[in-house]
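In what follows, a structure is listed as C-alpha cells, so that the remarks can point back to it.
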Amino acid sequence: MANSKYEYVKSFEVEDEVMLPNLIVVRIDGRDFRRFSEVHEFEKPDDGRALNLMNACATAVLEEYPDIVFSYGFSDEYSFVFKKTSKFYQRRASKLLSLIVSFFSSVYVMKWKEFFLEKELKYPPSFHSRVICCASKEVLQAYLAWRQNDCHLNNLHDTCLWMLIKGGESEREAQKLLKGTQKQHKNELLFQKFHINYKNLPAMYRQGSCIFKTEVEENVKYNENGTPVKRLRRKARIVHSENIAGKNFWNEHLSLLKEVGSFTEEVEKIKPEFVRSFQFENKLMPSTWIVIRIDGCHFHRFSEVHEFEKPNDKQALNLMNSCAVAVLEEIQDIIFTYGVSDEYSFVLKKDSQFYQRRASEIVSVTVSFFSSMYVMKWKEFFPQKELKYPPSFDGRVVCYPSSKILLDYLAWRQVDCHINNQYNTCFWMLVKKKGKSKSEAQHYLKGTQAKEKNELLIKEFGIDYNELEIMFRQGSLAFWQKFCVQEDKNMTHESKGSVQNSLKKVIVEHCDIIKPNFWEAHPSILDENLPIF
Numbered sequence: 001m002a003n004s005k006y007e008y009v010k011s012f013e014v015e016d017e018v019m020l021p022n023l024i025v026v027r028i029d030g031r032d033f034r035r036f037s038e039v040h041e042f043e044k045p046d047d048g049r050a051l052n053l054m055n056a057c058a059t060a061v062l063e064e065y066p067d068i069v070f071s072y073g074f075s076d077e078y079s080f081v082f083k084k085t086s087k088f089y090q091r092r093a094s095k096l097l098s099l100i101v102s103f104f105s106s107v108y109v110m111k112w113k114e115f116f117l118e119k120e121l122k123y124p125p126s127f128h129s130r131v132i133c134c135a136s137k138e139v140l141q142a143y144l145a146w147r148q149n150d151c152h153l154n155n156l157h158d159t160c161l162w163m164l165i166k167g168g169e170s171e172r173e174a175q176k177l178l179k180g181t182q183k184q185h186k187n188e189l190l191f192q193k194f195h196i197n198y199k200n201l202p203a204m205y206r207q208g209s210c211i212f213k214t215e216v217e218e219n220v221k222y223n224e225n226g227t228p229v230k231r232l233r234r235k236a237r238i239v240h241s242e243n244i245a246g247k248n249f250w251n252e253h254l255s256l257l258k259e260v261g262s263f264t265e266e267v268e269k270i271k272p273e274f275v276r277s278f279q280f281e282n283k284l285m286p287s288t289w290i291v292i293r294i295d296g297c298h299f300h301r302f303s304e305v306h307e308f309e310k311p312n313d314k315q316a317l318n319l320m321n322s323c324a325v326a327v328l329e330e331i332q333d334i335i336f337t338y339g340v341s342d343e344y345s346f347v348l349k350k351d352s353q354f355y356q357r358r359a360s361e362i363v364s365v366t367v368s369f370f371s372s373m374y375v376m377k378w379k380e381f382f383p384q385k386e387l388k389y390p391p392s393f394d395g396r397v398v399c400y401p402s403s404k405i406l407l408d409y410l411a412w413r414q415v416d417c418h419i420n421n422q423y424n425t426c427f428w429m430l431v432k433k434k435g436k437s438k439s440e441a442q443h444y445l446k447g448t449q450a451k452e453k454n455e456l457l458i459k460e461f462g463i464d465y466n467e468l469e470i471m472f473r474q475g476s477l478a479f480w481q482k483f484c485v486q487e488d489k490n491m492t493h494e495s496k497g498s499v500q501n502s503l504k505k506v507i508v509e510h511c512d513i514i515k516p517n518f519w520e521a522h523p524s525i526l527d528e529n530l531p532i533f
C-alpha cells in the first residue's frame with residue numbers, strides 16, 4: 001500500500017481472527033434461492049442437476065483450498081470444515097467467508113452449462129456466508145448432526161408438499177395439511193397416497209452430500225519400457241451417508257482423523273440453539289458509514305494468465321466498473337462506490353439496516369454477487385478470450401463514524417491509485433520499451449519520488465503522465481444520479497408517477513474525489529441533509 005496522510009483510516013479496521021484451538025466452519029446459503037429455482041424452473045421437490053452443480057462447486061472449493069478437509073451440503077447450502085491447525089488468511093473470519101463464497105459463486109456460474117445445457121442463466125446467483133467457531137470436536141459433531149437432520153426434515157416435508165401440489169392441492173392447502181405432522185405421518189402419507197417409500201428415494205436427496213479427500217493411486221508418467229509410474233494423490237470424493245456425525249463414519253476415514261480428530265461419543269440430542277451460539281457474528285455499530293472493500297485474490301497471476309494489457313487494461317477496468325454498477329442496482333442501500341485496478345469499495349447509507357447490519361451477511365452477499373456478475377459479463381468485455389479459471393475476491397467491512405473520515409478513506413484509496421499507477425506505468429515502460437527484466441526495473445525505480453517518475457516518463461518515453469487516461473490515474477466512482485425531465489402536459493397522473501420513478505440511474509465518473517469540489521457539486525451522494533465539510 002502507498003503511504004499517505006490518510007492512512008490513519010486503517011485504524012478503524014477491526015481484527016476478526018478466529019483463535020486457536022477453535023475449529024473453523026464456513027457455511028454458505030443461497031440468497032433467495034426459492035425465487036432462483038422458480039425462475040430457472042428447477043424440478044420439485046429435488047432437482048438432481050441443481051444438486052450435482054452444488055456438489056461440483058463444493059468439490060472445486062476443496063481442490064482449490066487445501067486447508068478445507070471436509071464439506072457437507074444439501075439443497076442450496078454447503079458447510080466447509082478447515083483442518084484444526086489451519087492458519088489460512090491468518091484465520092480472519094471476513095477473509096475466509098468472503099473468499100470461499102466468492103470462489104463458489106464464480107464456479108457456479110462457470111459450470112452452469114455443464115449441468116443445464118439447454119437453460120440460460122438468467123441472472124447472477126448469490127450466496128450468504130458465515131463462520132461458525134467450533135470450540136471442540138464435540139461442537140463440530142453437533143453442528144454436522146444438526147445440518148443433516150435439517151436436510152432430512154426439510155426434504156421429507158418438501159417431498160410431501162410437492163406431491164400434494166402435483167396431486168391437485170394448492171400450496172396453501174398443502175401447507176395446511178402438513179402443519180404439525182410428524183415424520184411418521186409424513187412417511188405414511190407418501191406411502192399410502194402416492195405409493196412412495198421415502199427410504200427408497202435417492203440418498204443424495206435424503207442425506208445430503210459430503211466431500212473429503214482420500215489418497216488414490218494415479219499414473220503420473222510411463223517408463224521407457226511402457227511401465228506406468230504411480231504416485232499417491234489426494235482426490236476429492238463425494239459420498240452419501242446416513243449419519244455423517246456418527247463415530248463409525250467419521251473415524252473410519254484416516255484423513256479426517258488426522259486433520260480434525262476423532263468423535264468419541266454419539267450425538268444423543270440435537271440442540272440447534274446450542275450450535276448457533278458458536279456462530280461468529282459482528283453486528284456493525286449503528287449510525288456509522290459502512291464500507292465494504294473487495295480485492296481480487298491473486299489478480300497478478302489472473303491478469304497474466306488472461307493476458308491483460310500492461311500497465312492498464314481498459315476492458316478489464318470497464319468489466320470491474322460494470323460489475324460495480326450491477327451491485328449498486330441490486331443492493332439499494334449502497335449509495336456509491338469507488339474502484340481502482342482489482343478493488344472496489346462500496347459505501348452503504350449511514351442509517352442502513354441492510355441485513356440488520358450483520359457484517360458477515362453484508363460482505364458475503366456483496367462479494368458473491370460481484371463474483372457471479374464478473375463471470376457472467378466476461379464475454380461482454382473479452383469476446384475473444386476464454387475465462388480459464390474462476391476469479392475470486394476477498395472482502396472486509398469497516399465502519400467510519402463521520403463523513404470526514406469516510407472521505408479521508410476514499411482519499412486514501414485514490415492516493416493509492418495514483419502512486420501505484422504511476423509506478424506501474426514507469427515499470428512497464430522500462431520492461432516493454434527498454435528491455436529491462438522485472439527485477440532490473442524494480443531496482444531502477446527503488447526509492448524514486450513522484451517527480452522523478454514523471455521526468456523519467458517524459459524524457460525516456462515522451463509520456464506526460466497527466467495526459468494519460470483519467471480512469472487509469474484517478475479510478476472510477478459510480479453513484480446514483482437524479483435527472484430532471486420536463487413533464488408533458490398530456491401525461492396522465494399515473495404516467496407522471498412512472499417518469500418520476502425513472503429519474504434516477506447509476507452513472508460512472510472519473511474525477512478527483514480528494515478535493516471538496518466534487519462532493520460540493522454532488523451533495524445528494526452522501527446525504528442531501530448532511531453537511532459534508
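Every letter in the sequence shown is one number past the one before it in UniProt numbering, and letter 360, counting from 1, is 360.
Cβ coordinates follow ideal geometry from the N, Cα and C atoms, glycine included.
Nearest neighbour of residue 331 by Cα position, chosen from 412, 413, 479 and 427, turns out to be 479. Boundaries of the beta strand (DSSP E) around residue 346: 343-348. With a cut-off of 8 Å on Cβ pairs, the region 343-359 is in contact with the region 281-295, counting three or more such pairs.
Under the three-state reduction of DSSP, residue 308 is assigned to coil, being neither helix nor strand.
Here residue 461 has 429 and 433 as same chain residues with Cβ atoms under 7 Å from its own Cβ, once five neighbours each way along the sequence are excluded. A distance below 7 Å separates the beta carbons of residue 340 and residue 475.
Residue 442 and residue 106 have their alpha carbons spaced roughly 34 Å apart. The C-alpha of residue 390 is placed about 36 Å away from the C-alpha of residue 157. Per the DSSP secondary-structure output, residue 397 pairs in a beta bridge with 292. In the DSSP assignment, residue 362 falls within the alpha helix (DSSP H) that extends over 359-381.
In this structure, residue 9 sits away from residue 512, with a CB-CB distance that is not shorter than 7 Å. Contiguous alpha helix (DSSP H) elements confined to the UniProt domain "tRNAHis guanylyltransferase catalytic" (6-134) occur at 33-39, 48-64 and 93-115, taking only those with 4 or more residues. Rounded to the nearest angstrom, the gap between the Cα atoms of residue 180 and residue 189 is 14 Å. With fewer than 16 other Cβ atoms inside 10 Å of its own Cβ, residue 185 counts as exposed. Contact between the region 230-242 and the region 106-122 is not established, with fewer than three Cβ pairs separated by less than 8 Å.
Classified as exposed, residue 19 has fewer than 16 neighbouring CB atoms from the shown chains inside 10 Å of its CB.
With a minimum length of 4 residues, the unbroken runs of alpha helix (DSSP H) contained wholly in the region 155-194 fall at 171-178 and 183-194. Take residue 257, set aside five residues on each side of it, and the residues of its chain with a beta-carbon closer than 8 Å to its own are 250 and 251, in chain order.
An exposed status is given to residue 404, since fewer than 16 other beta-carbon atoms sit within 10 Å of its beta-carbon. Under the three-state reduction of DSSP, residue 223 is assigned to coil, being neither helix nor strand. Boundaries of the beta strand (DSSP E) harbouring residue 481: 476-482, taken from the DSSP string. For the pair residue 365 and residue 510, the CB atoms are not nearer than the 7 Å cut-off. Counted as a single uninterrupted DSSP element, the beta strand (DSSP E) harbouring residue 508 occupies residues 504-509.
The three-state reading of DSSP puts residue 214 in strand, counting E and B together. The beta carbon of residue 74 sits closer than 6 Å to the beta carbons of 151 and 208 from its chain, once the five residues preceding and following it are set aside; these are given in chain order. According to DSSP, residue pairing for residue 279 in a beta bridge involves 132. Classified as buried, residue 413 has 16 or more neighbouring CB atoms from the shown chains inside 10 Å of its CB.
Between residue 417 and residue 374, the CB-CB gap reaches or exceeds 7 Å. Contact check between the region 44-58 and the region 434-453: fewer than three CB pairs, one atom from each, fall below 8 Å, which does not count as touching.
Residue burial annotation: residue 203 is exposed, with fewer than 16 other C-beta atoms found within 10 angstroms of its C-beta. Partner residues in the beta bridge of residue 337, as assigned by DSSP, are 346 and 478.
In the three-state reduction of the DSSP assignment, residue 239 falls in the strand class.
Assigned with DSSP and collapsed to three states, residue 228 falls in strand. Annotation: residue 507 to residue 437 spans about 40 Å, alpha carbon to alpha carbon. Short of 6 Å from the beta carbon of residue 56, and not among the five residues preceding or following it, lie these beta carbons of its own chain, in chain order: 111.
Of the candidates 108, 231, 212 and 226, 108 places its Cα closest to the Cα of residue 54.
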